[in-house]
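So the sequence shown is numbered by the working numbering: it starts at 41 and just counts up by one. Here the structure comes first, spelled out in structure tokens, and everything after it is commentary.
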Amino acid sequence: MYLDVKTNGARYWRMKYRYGGRERLMAFGVYPDVSLAQARKRREKAKALIRDGIDPNEVRRQSLIATATSLTNSFEAVAANEFPSAVFDGPSAIERTWWRSWSGMRFRSSGVARSQR
Numbered sequence: 041m042y043l044d045v046k047t048n049g050a051r052y053w054r055m056k057y058r059y060g061g062r063e064r065l066m067a068f069g070v071y072p073d074v075s076l077a078q079a080r081k082r083r084e085k086a087k088a089l090i091r092d093g094i095d096p097n098e099v100r101r102q103s104l105i106a107t108a109t110s111l112t113n114s115f116e117a118v119a120a121n122e123f124p125s126a127v128f129d130g131p132s133a134i135e136r137t138w139w140r141s142w143s144g145m146r147f148r149s150s151g152v153a154r155s156q157r
């Protein structure tokens, strides 16, 4: 583990490791937001995953995807409930158009393909 200091003064905790015959790089956070003790704890967790044959960057990526998906799904549920779809005789043409365009933008920006819905 080392502290990577960039030319602009930014400092990042990093660790090089090998997985699957390739050299990989893992970041643990920005110094001083992440202390040395915190970076060491994160390094030990990553090393334990490597010992178990698991790529720690893949675990992190899957965790981020799961978090983003749950946030998108909960936002979708709230938006669907709050959307004024039952206004007297149903939504107006403007509301239907807004909902269709919003729905398409929402999935494009979250990275969820329409076939995965």
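Glycine included, C-beta positions come from ideal geometry on N, C-alpha and C.
- By the Cβ criterion, the stretch 48 to 67 is in contact with the stretch 88 to 108, since at least three pairs of Cβ atoms, one from each stretch, lie closer than 8 Å.
- Rounded to whole angstroms, the separation of the alpha carbons of Thr109 and Gln102 is 10 Å.
- Here Ala79 is buried, its C-beta having at least 16 other C-beta atoms within 10 Å.
- With fewer than 16 other beta carbons inside 10 angstroms of its own, Pro72 counts as exposed.
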